[in-house]
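Asker: Taken in order, these protein sequences are the chains called A and B.
If you count the first sequence from 1, position 353 lands on 353 in my numbering, and the numbers rise without skipping.
Quick note: to get my numbering, add 530 to the position in the second sequence (first position is 1).
Let me begin by handing over the structure; questions about it come next.
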Amino acid sequence: MRLFNALFQQIDRTTSTRDKVAALIAYFKQAESADALWAIYLLIGKSTGRFIKTAWLRQAAMRLSHLPPWLFEESYHTVGDLAETIALCLPVPVTEKIYSLSQTMAFLNGLPSLPEQEAQTAISQRWMELPADERFIFNKLITGNFRMGVSKQLVIRALAETYHKSENEIAHRLMGHWHPNNTPISSLLIDDLLHEKSFEPYPFFLAYPLDKEPVALGEVADWLIERKLDGIRGQIIVRNQHIYIWSRGEELLTDRFPEFHPLAEQLPNGTVIDGEILPYKDGNILPFSLIQTRISRKRLSKQILTTAPLVMICYDLLECDGADIRALSLIERRSLLEKILALPELSGAPLMISKILPCSSWSDVKQAREQARQYQAEGVMLKRKTSRYDSGRRRGNWWKWKIIPYTIDGVLLYAQPGHGRRANLYTDYTFAVWDQDELVPFAKAYSGLSDQEIMTVDRWIKQHTINKFGPVRSVTPDLVFELAFEGISASNRHKSGIALRFPRIVRWRHDKAAKEANTKADLLNLLDNK
Amino acid sequence: MLITFNNKGIYCAQADLYIDPWQPVSKAIITHAHSDHAKPGNKHYLCHQDSVSLLKLRLGDQISVQALHYGQTIHIHGVTISLHPAGHIPGSAQVKLTYKGEIWVISGDYKLSSDGIAAPFEPVSCHHFVTESTFGLPIYRFPQVDTVTADMLAWIEANRKQQKNTLLVGYALGKAQRLIEIAAHAELPIFAHGAIANVQRTLIESGYPLHRVMPTATLDTKALSSPYVVILPPSALGSTWAKRFTPYEVAYCSGWMQLRGARRRKNVNRGFVLSDHADWDQLQTAVQATSAENIYVTHGYKATFAKWLVEHHGLQATEVTTQYENHLLLEEEKDEVI
């Protein structure tokens with residue numbers, strides 16, 4: 001693990017993309033292939049899951065460091081990261097042994113089968129053998145929360161350079177299900193791709209947020225305008241009479257969406273469609289929260305299938321008759337898509353084409369954007385008609401133009417320290433609106449303030465604490481913040497009776513006193529007006 | 531009680547004097563010359579002789595100040611007073627007050643590890659010990675100074691190889707002098723921000739055998755040839771002033787760098803854990819070495835450390851609110867006006 005730890009340190013100590021890629025390449029060239037496989041797996045954000053219950057991990061750490069629980073918790077709240085807290089509290093190691101990354105992962109894979117005491121003993125023993133500076137990364141691996149300061153794209157770039165392949169090919173090869181234990185590095189990265197693995201999705205092409213006036217994009221006639229839908233972006237793949245459904249997060253979700261399974265027989269072999277999976281009933285798109293309730297379930301009851309039936313609104317066709325058509329223009333791909341969706345076998349299938357919004361000027365586009373909310377959309381998509389289907393998030397050909405979010409003024413009621421960069425600064429805030437003379441919490445928000453404002457608010461919170469409940473502080477209800485959010489829906493899980501989508505802070509309303517903040521009635525109004 | 535804590539500072543009624551008062555008083559004993567301990571406006575100051583010129587640099591030449599050596603005693607209204615090395619920064623002292631057999635020690639800020647510049651900490655036996663708790667959590671157990679020094683030099687060398695300048699950030703008084711002594715081993719030219727250059731000159735004039743540094747104010751940075759080293763105070767970090775030294779790598783040097791979050795908040799790529807305060811282990815060693823039974827815990831993680839002293843060491847420990855609010859990183863956010 002020494003080499004992997006050194007890579008982590010190098011990456012942690014630089015903000016330069018070039019230096020990061022160089023460090024990755026050096027690592028891939030040096031590491032044993034078993035270790036490199038694990039490194040790739042971890043770096044591109046594949047989850048290993050948690051290897052031990054967090055409570056057991058804390059227990060073992062407290063016992064080994066001879067710290068009482070209150071002191072350990074106090075430390076944890078200051079650090080804001082369990083893996084780091086443990087690394088800092090443990091006594092100095094006894095004997096330092098060298099374990100490779102793959103040996104470490106094998107050790108961790110053995111942990112879940114151990115009973116509590118044995119698991120704690122095994123971990124404690126390992127801690128005392130590890131050099132102190134490797135403990136942090138080891139702890140991160142145990143908790144299954146391992147992250148290094150590199151994006152998947154950078155790893156792909158480094159691998160492409162190491163193995164002399166194109167970045168797209170590497171992206172494609174790293175997609176889907178593979179595991180370091182049963183995938184030799186040769187087949188993952190090196191061997192020629194003789195026969196396509198039939199379940200493999202294509203890397204998604206993602207739009208960039210529009211950061212200029214649309215006029216700057218040229219002629220409106222060169223662009224297709226669609227609604228930006230709020231569902232699960234996915235690919236439906238039918239090859240060899242089998243269907244595979246992938247989410248944009250590269251999760252294979254086939255089992256979760258039984259309503260699409262008949263497509264295995266209905267769609268021609270060698271078809272890959274890109275679209276948005278949404279709950280849809282009686283000609284209407286249903287709230288996103290409905291899909292959330294079913295996505296996490298392992299088993300789907302009949303009731304769920306009837307309350308939240310799914311469709312895919314199809315945007316694009318990536319593969320047609322087994323041929324990769326991503327290099328064709330959007331217009332050509334779309335006309336092939338339309339042809340497929342018109343097949344008689346597909347009548348009644350849960351596939352619909354994404355509507356092209358007729359726009360003859362940029363002001364039409366603007367209007368379409370403003371009307372998006374009434375169609376349960378988040379805004380509009382602007383796609384250049386001649387664009388090929390690229391991979392990753394790129395500027396130029398595809399833009400998303402979101403609607404102006406809802407805003408509301410809330411009063412800061414509770415605060416809690418953040419994590420990582422914001423550890424021991426109060427940055428996780430709970431906001432409230434007025435219900436008669438009472439403040440009702442309605443949203444939590446973490447982001448939106450500048451570093452300077454965060455420092456100021458942090459100081460204010462420390463000086464205006466009324467009460468402490470563990471890490472949470474209640475403060476005098478004085479500060480007003482404007483919050484923005486994308487959506488609002490009724491919820492019986494929240495005291496306020498509503499749930500917000502993506503709440504974040506827009507600005508600190510220095511000009512407003514607490515009593516001028518919005519009311520619960522204002523929120524309910526937004527809900528009714530939808 | 532010989533010593534009480536009131537809204538002006540730590541007070542000795544019998545001698546009618548304050549230790550490190552935060553509001554103007556008639557007689558003030560100053561433990562060390564940092565701005566949160568040495569406030570302006572007092573009528574008379576008493577401090578260690580090495581703090582005199584630093585106090586004057588900060589508060590002006592006009593102040594009335596009396597100096598003591600370490601171990602020298604004076605008597606005021608029957609109270610015996612002496613100063614003892616605290617190891618924090620040049621001139622830093624613990625204040626010992628004895629009256630009718632009752633001994634109090636007010637330690638100000640201190641560290642146990644020697645930095646080669648400040649006179650090393652000396653434990654003083656007492657009945658009542660007032661301690662800081664800046665790093666009073668078990669997560670703060672600092673690495674060996676030698677290891678940190680070696681890491682710093684290796685890093686400066688790596689920067690040199692890439693023809694990059696090295697910027698080291700630390701308090702103008704105390705930390706900066708340590709940084710200069712360490713950087714001197716790299717055998718590169720060393721420049722310092724004006725605040726630091728002033729302190730350096732003052733200490734050299736007081737007889738400290740320190741390396742001389744060139745103030746940056748008079749420099750034509752464009753004419754300088756890289757690589758070189760610049761020492762700067764926290765307030766200059768990220769300023770346009772610092773950009774003049776491009777290309778550079780910058781490191782923040784402080785005990786706070788023990789936490790990744792703290793380093794990332796500073797937006798620096800490197801942090802070196804180099805502290806002028808006692809860490810968790812040193813705090814306990816210091817408390818035990820005094821064999822005091824009554825411990826008063828001031829600025830830092832005071833509630834936590836006091837609770838630990840009660841539970842684990844069986845001492846009578848209480849937390850005391852002072853205005854030496856070095857808490858978290860706030861202190862370092864302030865401009866250092868020297």
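Ideal Cβ placement from N, Cα and C applies to all residues, glycine included.
Because the structure is a prediction, the values reported are computed rather than measured.
In chain order, which alpha helix (DSSP H) runs of at least 4 residues are fully inside the stretch 816-844 of chain B?
Answerer: 832-843
Asker: Any Cβ of chain B within less than 8 Å of the Cβ of A:E74?
Answerer: It does: the Cβ of A:E74 has a partner Cβ on chain B nearer than 8 Å.
Asker: Establish whether the CB of A:S100 and some CB of chain B are separated by less than 8 Å.
Answerer: Residue-level contact check: A:S100 does not touch chain B, since none of the beta carbons of chain B fall below 8 Å from its beta carbon.
Asker: Is it the case that the Cβ atoms of A:Y389 and A:R473 are separated by a distance below 8 Å?
Answerer: no
Asker: Counting beta carbon pairs with one atom in the stretch 209-223 of chain A and one in the stretch 63-72 of chain A, are three or more of them shorter than 8 Å?
Answerer: When C-beta atoms of the stretch 63-72 of chain A are compared with those of the stretch 209-223 of chain A, fewer than three pairs fall below 8 Å, so the two segments do not count as touching.
Asker: In the structure shown, what three-state DSSP assignment does B:E861 receive?
Answerer: Because B:E861 sits at a pLDDT of 41, beneath the cut-off of 50, its placement in the model cannot be relied upon, and the point is left open.
Asker: Shortest alpha-carbon distance to B:T820 belongs to which of B:F659, B:I761, B:K832?
Answerer: B:F659
Asker: Please report the residue range of the alpha helix (DSSP H) in which A:N467 lies.
Answerer: First-last for A:N467: 465-469, but that is the beta strand (DSSP E), not the alpha helix (DSSP H).
Asker: Decide if the stretch 232-244 of chain A is in contact with the stretch 265-274 of chain A; the criterion is three or more beta carbon pairs, one per stretch, under 8 Å apart.
Answerer: Judged by Cβ distances under 8 Å, the stretch 232-244 of chain A makes contact with the stretch 265-274 of chain A, as three or more pairs qualify.
Asker: In angstroms with no decimal places, state the Cα-to-Cα distance between B:L589 and B:S583.
Answerer: Distance between the alpha carbons of B:L589 and B:S583: 10 Å.
Asker: Say whether the stretch 682-693 of chain B touches the stretch 543-555 of chain B, bearing in mind that this needs 3 or more beta-carbon pairs closer than 8 Å, one atom from each stretch.
Answerer: At 8 Å Cβ cutoff, the stretches do not touch.
Asker: Do B:H578 and B:H618 have their CB atoms nearer than 8 Å?
Answerer: Not in contact: B:H578 and B:H618 (Cβ atoms no closer than 8 Å).
Asker: Among A:A55, A:I86, A:W223, A:F260, which residue has its Cα nearest to the Cα of A:Q235?
Answerer: Nearest option by C-alpha distance: A:F260.
Asker: Could you work out which residues of chain B lie near A:G80, taking near to mean beta carbons separated by less than 7 Å?
Answerer: G791
Asker: Taking C-beta pairs closer than 9 Å, name the residues in chain A that B:T776 reaches, listed in chain order.
Answerer: Those within 9 Å of B:T776 in chain A number zero; the least Cβ separation is about 14 Å.
Asker: Using DSSP's beta-bridge definition, name the partner residues of B:V904.
Answerer: Absent from the model: residue 904 of chain B. The displayed extent of chain B is 531 to 868, so no value can be given.
Asker: Quick check on the burial criterion: 16 or more other C-beta atoms within 10 angstroms. Buried or exposed for B:S805?
Answerer: buried
Asker: What is the DSSP secondary structure of A:S33, reduced to helix, strand or coil?
Answerer: Here A:S33 sits in helix by DSSP.
Asker: A:M532 and A:K140 look like a contact to me (Cβ under 8 Å); what is the Cβ gap, rounded to whole Å?
Answerer: Only positions 1 to 530 of chain A appear in the structure, and residue 532 of chain A is not among them; the question remains open.
Asker: Taking the straight line between their C-alpha atoms, what separation do you get for A:Q163 and A:P344?
Answerer: Residue identity differs from the one stated: residue 163 of chain A is Tyr in this sequence, not Gln. Whole-angstrom Cα-Cα distance: 46 Å.
Asker: Quick check: the stretch 725-738 of chain B against the stretch 754-763 of chain B, are there 3 or more CB pairs under 8 Å?
Answerer: yes
Asker: Skipping 5 residues on each side, what residues in its chain have a beta carbon closer than 7 Å to that of A:S491?
Answerer: G497, I498, A499
Asker: How would you call B:T628, buried or exposed, if buried means at least 16 neighbouring beta carbons within 10 angstroms?
Answerer: buried
Asker: Helix, strand or coil: how does DSSP classify B:D681 here?
Answerer: helix
Asker: With a cut-off of 8 Å on the beta carbons, I'd call A:E124 and A:M1 a contact; round off their distance for me.
Answerer: Note on identity: in this sequence residue 124 of chain A is Ser, with Glu being the wrong assignment. 18 Å between Cβ atoms; not a contact.
Asker: Just to confirm, are B:R793 and B:G801 a CB contact at a threshold of 8 Å?
Answerer: The Cβ-Cβ distance between B:R793 and B:G801 falls below 8 Å.
Asker: B:T834 versus chain A: which residues are under 8 Å apart at the beta carbon?
Answerer: L71, E74
Asker: Any contact of the stretch 300-311 of chain A with the stretch 216-224 of chain A, i.e. 3+ C-beta pairs under 8 Å?
Answerer: no
Asker: Note down the Cα distance separating A:A61 from B:T828, rounded to an integer number of angstroms.
Answerer: Taking the CA atoms as reference points, A:A61 sits about 29 Å from B:T828.
Asker: To the nearest angstrom, report how far apart B:I868 and A:T104 are at their CA atoms.
Answerer: Low local confidence applies: a pLDDT of 36 at B:I868 is under 50, so the model's placement there is unreliable, with the coordinate-based value given in what follows. Cα to Cα, B:I868 sits roughly 52 Å from A:T104.
Asker: How would you call A:D458, buried or exposed, if buried means at least 16 neighbouring beta carbons within 10 angstroms?
Answerer: buried
Asker: To be precise: take each residue of the stretch 798-812 of chain B, compare its Cβ to all Cβ atoms of chain A, and keep it if any distance is under 8 Å. Which residues remain?
Answerer: N799, R800
Asker: Relative to the alpha-carbon of A:Q117, which residue among A:P68, A:K53, A:S65 has its alpha-carbon at the smallest distance?
Answerer: A:K53
Asker: So, does the CB of A:R422 fall closer than 8 Å to a CB anywhere in chain B?
Answerer: yes
Asker: Is B:D865 buried or exposed, if buried means 16 or more other CB atoms sit within 10 Å of its CB?
Answerer: In this predicted model, B:D865 has a pLDDT of only 36, less than 50, meaning its place in the structure is not dependable; the value taken from the coordinates is given anyway. Its Cβ having fewer than 16 others within 10 Å, B:D865 is exposed.
Asker: Assuming A:S354 and A:I313 are in contact, meaning their beta carbons sit under 8 Å apart, how far apart are those beta carbons, in whole angstroms?
Answerer: 5 Å
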